[in-house]
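Worksheet: the structure to be examined is printed underneath.
Residue numbers (the numbering used here): 19 to 181.
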């Protein structure tokens with residue numbers, strides 16, 4: 019999903035060492051920024067914060083953050099406007115949109131992926147609304163996932179106890 023997957027920003031061959039709590043704070047901060055860019059004040063946002071998943075390359079020492087959430091109970095028109103605001107605001111806020119357009123689902127909903135220009139984070143957003151190939155979406159929403167590249171846990175960190 020992200021071009022920042024394993025090594026972080028640029029050609030740095032070693033993942034940055036970062037405490038899980040600091041990475042969690044970063045991921046939650048980026049999610050909050052994304053929500054602000056979408057700019058929808060009504061409706062509901064799923065609760066919960068960023069979680070830890072292990073990186074296949076070295077699951078005892080490397081981890082990534084992921085924070086899936088969505089905005090729902092809002093009209094399709096407001097969701098479409100919010101998705102467009104996100105697309106327009108990302109480049110102005112230090113993100114590079116690397117993919118945008120209808121996805122490969124049966125409904126062909128709009129999807130975008132953007133990478134942070136400064137931190138090893140990416141965001142994927144999906145506009146789940148009615149489309150010509152899926153005429154009646156019963157639960158319109160914007161689904162967002164913020165994910166980091168892999169970080170190295172500080173010595174002594176037991177990643178099996180992180181969530």
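Using N, Cα and C, we set each Cβ at its ideal position, and we do this for glycine too.
Kindly indicate the opening and closing residues of the beta strand (DSSP E) around residue i.
i           : result
residue 142 : 139 to 146
residue 133 : 128 to 134
residue 120 : 113 to 120
CA-CA distance, residue i and residue j?
i           : j           : result
residue 41  : residue 83  : 7 angstroms
residue 129 : residue 113 : 15 angstroms
residue 50  : residue 153 : 31 angstroms
residue 159 : residue 171 : 34 angstroms
residue 156 : residue 90  : 11 angstroms
residue 141 : residue 164 : 4 angstroms
residue 45  : residue 74  : 20 angstroms
residue 120 : residue 58  : 22 angstroms
residue 96  : residue 66  : 23 angstroms
residue 162 : residue 108 : 13 angstroms
residue 178 : residue 34  : 19 angstroms
residue 102 : residue 68  : 24 angstroms
residue 137 : residue 48  : 10 angstroms
residue 60  : residue 78  : 42 angstroms
residue 100 : residue 124 : 23 angstroms
residue 139 : residue 94  : 28 angstroms
residue 181 : residue 118 : 31 angstroms
residue 188 : residue 38  : Residue 188 lies beyond the residue range present for the chain, which begins at 19 and ends at 181; the question has no answer from this structure.
For the alpha helix (DSSP H) that contains residue i, what are its first and last residues?
i           : result
residue 110 : 94 to 110
residue 43  : 38 to 56
Please work out which residues of its chain come closer than 8 angstroms, Cβ to Cβ, to residue i, disregarding the five sequence neighbours upstream and downstream, and give them in chain order.
i           : result
residue 111 : 51, 55
residue 127 : 120, 121, 144, 145, 146, 147, 149, 152
Can you find the residues in the same chain that come closer than 6 angstroms, C-beta to C-beta, to residue i, ignoring five residues on each side of it along the sequence?
i           : result
residue 62  : 90, 91
residue 175 : none
residue 71  : 82, 84
Write down the C-beta distance between residue i and residue j rounded to the nearest angstrom, noting that I regard them as a contact closer than 8 angstroms.
i           : j          : result
residue 168 : residue 80 : 4 angstroms
Within the present structure, is the beta-carbon of residue i separated from the nearest heavy atom of the ligand NAP by less than 7 angstroms?
i          : result
residue 87 : As far as ligands go, the structure on display features none, and thus does not contain the ligand NAP.
Near residue i, what residues of its chain come up, given a Cβ to Cβ distance below 7 angstroms and the 5 sequence neighbours on each side ignored?
i           : result
residue 64  : 87, 88
residue 116 : 21, 131, 132, 133
residue 135 : 112, 113, 114
Against chain D, with Cβ distances strictly below 8 angstroms, would residue i count as a contact?
i           : result
residue 138 : In the structure shown, chain D does not exist; there is a single protein chain.
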